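The block underneath contains the structure these notes are about, expressed in structure tokens.
Chains as they are written, first to last, in this note's numbering: chain G, 1021 to 1545; chain R, 352 to 662.
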């Protein structure tokens, strides 16, 4: 099967030429790469915005920009990173590329819908980013668009809202597509509980995308209606309730965190067994905990609003469930560790990323327990502690898993190997910079520095310096990683069919795969 | 770690120490196991892996034990919070607190107003919080207290300070341009000093004798100077320095014109700020102060502006 004479998907000549061969292709692999390139481009923008914030915060008072620009920068950093990068992120890139291969299919169930999702993504992104280039100020509400400030501000909030609305459809359609693909296209013999773990996490994610995203869509439309037509949903001046907005916003945006992190856990569940040369420990437990996270994750949104004014009963329930949702994640950690036990561990770049994922994900998750406790939350809510916590989860968790994934699947995607020395160097620099960037922010939060602060009191100076230095180091690591991959995709050595000895289906087909992955649909024993 | 500065801080810090202890134990323990496995089972040392499908007993153990632990952590977090949500004691000092873009206003039972919070030690303070514009959040890190202020509602919050001194008071909920400058202080005084300050009206007497001092006080008490500087520097709105009796370019309904800043103009700018907009500044940032500033207070402000233009 691997010695195919058919052209691989990169060489395949379709109806169109040049760039059109990409943007009109319904091949799931090309769509995966379209997402990879667009998401990476936005990621570089988002990272630069983040770096600018850290540069501003290196000293109290004005360093490089005015408060107005700072507010716009953190808003765009949030909108870009959340809506354009981590929400589509791993499912759109690796899900598109590898889901059909991992379940032994030739493509997703609806290839044209899949292409439409990418187009919607690009259109949504273009609308959201147009807010920067139109007359007037760029949005300054934070990515949360909290009412009533989002009605008061004169900045271009509308395009950002409409952009996020359109992006939601892209997410919903991808989710729908993946669910149907997994129900209908698994290879003969691949029962549900023989499906690899990465598809399983995509399955949990897809249901959240399908069921939770409409809530944010409607909410954003309500804000648009309120801004344009003066209908009073959320603005008390019009008889609305600002806290209602927060509920609706977090009913989506909390499950969205699981949209981000579940596929990341899936990637890690593929990488660790391969490099430990062992089957995964507790496959069933990982599947069940994935579904539990997807389910319980719907009922904890209130923990974003502990200080906003809720009834005692709601607070009790939200705090309690927040603690419980930690359990399935803990179970995953234990199973990953148990997979290493008595393994024969090879430490290569993807495994470095996977192991450091475990470490930063533990910090992110455990710091979440601190925030889940009612009394402590009152002190730490809306401080740098929260910012650090969710960067450990969203950037540490999703980001590290993404880099594990790209270094794991790179040989399959491009049929080339990357330079391992530079890849490892990039990892260690990035890892160190990441820790230096975010660890001081835990301290700052405990000391009482609120988030979204352009300026701060002198007591907070030292920790901010450390954090800003960390940002520079981390970005240096990122540059090394990206340049190395970019160069290797062009000039790397030819990759074998299975460079790491992985056991899943993608390692049985040629690198890079042929147009429809398999010459014959494999049978699973 | 322990601040011991308010009646709630000890309970909260206890909960923090307990929870932090548990998570630190897990982080260190699991990381140690991880590193041990990576070394002990590296390919060179252990070339042949042992396949293990799973172990149902282990799964049960590492589900049940963490459930017990998180319920314990939940309990400590919850119990430390219960006193905070209770109603303020009957004899507490009630202070009307207004959070507005981007300053704080405190009004005491006898009508005294300040822009910093002045309270006596060991006495329950009940804040009645409100906001005329957007969300804010009153946060005193040293006291471990925080409460979001939702416009359209009166929010209750209470605490007791346990040591004299000055502590930071921040706005913790993002509220626009000057969010990070919406800070002030809590001054905790001994009971005697507080009483002395509370009944002291000499400042007002002296003030009445100095031209403009009353007007300056009105500006301070209402948070005007958060957006309008006194020294000519440009903030959100035009500076007060040297405007009175000078010409200024404004925009009225899209038409630019030049007017002389006089008493009439000042009054209009306070009561309907968006009508005549000074060139270079944005609409919609300032609300009307019609219900908050009396004609008399506006007169006082004008007297103060006159002194600013003379210098």
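Here a beta-carbon is modelled for each residue, glycine too, at the ideal position from N, C-alpha and C. Values in this document were obtained by computation on a predicted structure and should not be read as measured data.
Any 3 or more C-beta pairs closer than 8 Å across the region 1436-1453 of chain G and the region 1383-1392 of chain G: no
Closer than 8 Å to chain R by CB, residue 1401 of chain G: yes
Proximity test, Cβ basis, 8 Å: residue 1474 of chain G and chain R: yes
Contacting positions in the region 487-506 of chain R - beta carbon closer than 8 Å to chain G: 488, 490, 492, 493, 495, 496, 497, 498, 499, 501, 502, 503, 504 and 506
CA-to-CA distance, residue 1187 of chain G to residue 1103 of chain G, given in whole angstroms: 7 Å
Neighbour-count burial assignment, residue 1240 of chain G, 16 or more Cβ in a 10 Å radius: buried
The region 1395-1414 of chain G touching the region 1258-1269 of chain G, judged by at least three CB pairs closer than 8 Å: no
Cα-Cα separation, residue 582 of chain R to residue 507 of chain R: 37 Å
Members of the region 627-654 of chain R near chain G, C-beta cut-off 7 Å: 633, 634 and 635
Residue 1021 of chain G (DSSP reduced to helix, strand or coil): Low local confidence applies: a pLDDT of 44 at residue 1021 of chain G is under 50, so the model's placement there is unreliable, with the coordinate-based value given in what follows. Coil, per DSSP.
Inter-stretch contact (C-beta, 8 Å, three-pair minimum) for the region 1130-1146 of chain G and the region 1158-1165 of chain G: no
Near-chain R residues of the region 1458-1488 of chain G - C-beta to any C-beta below 9 Å: 1466, 1467, 1468, 1469, 1470, 1471, 1472, 1473, 1474, 1475, 1476, 1477 and 1479
Environment of residue 1191 of chain G [buried if 16+ CB atoms lie within 10 Å]: buried
Interface partners of residue 595 of chain R on chain G, CB under 8 Å: Here the premise fails: no neighbours, minimum Cβ distance about 28 Å.
Boundaries (first-last residue) of the alpha helix (DSSP H) holding residue 1198 of chain G: 1177-1204
Cβ distance (whole Å) where residue 1341 of chain G is taken to contact residue 1319 of chain G below 8 Å: 5 Å
Distance, residue 1045 of chain G Cα to residue 1531 of chain G Cα: 20 Å
Residue(s) in a DSSP beta bridge with residue 547 of chain R: In the DSSP output, where bridge partners are listed per residue, residue 547 of chain R has none listed.
Cross-chain neighbours of residue 363 of chain R in chain G, by beta carbon under 8 Å: 1395, 1396, 1398 and 1399
Cβ of residue 1189 of chain G within 8 Å of any chain R Cβ: no
Delimiting residues of the beta strand (DSSP E) encompassing residue 449 of chain R: 444-451
DSSP three-state assignment for residue 1050 of chain G, whether helix, strand or coil: helix
Candidates R/549, R/477 and R/436: closest to residue 462 of chain R by CA position: R/549
C-beta atoms of residue 1221 of chain G and residue 1283 of chain G nearer than 8 Å: yes
Beta bridge counterpart(s) of residue 481 of chain R as assigned by DSSP: R/449
Runs of alpha helix (DSSP H) wholly within the region 1401-1456 of chain G (minimum 4 residues, chain order): 1404-1411 and 1420-1434
Residue 1026 of chain G, DSSP secondary structure in three states: coil
Residue 611 of chain R burial status per 10 Å Cβ neighbour count (16 or more: buried): exposed
Whole-angstrom distance between residue 1167 of chain G and residue 1329 of chain G, CA atom to CA atom: 15 Å
Buried versus exposed, by CB contacts within 10 Å (16 or more), residue 516 of chain R: exposed
Stretch pair the region 1370-1389 of chain G + the region 1411-1428 of chain G: three plus CB contacts closer than 8 Å: yes
Host beta strand (DSSP E) of residue 539 of chain R (start-end): 535-540
Start and end residues, beta strand (DSSP E) containing residue 1323 of chain G: That residue, residue 1323 of chain G, is in no beta strand (DSSP E); it is neither H nor E in DSSP.
Closer than 8 Å to chain R by CB, residue 1332 of chain G: yes
Straight-line gap, residue 1498 of chain G to residue 1419 of chain G (C-alpha atoms, nearest Å): 11 Å
Residues of the region 369-383 of chain R whose Cβ lies closer than 7 Å to any Cβ of chain G, in chain order: 370, 371, 374, 377, 378, 381 and 382
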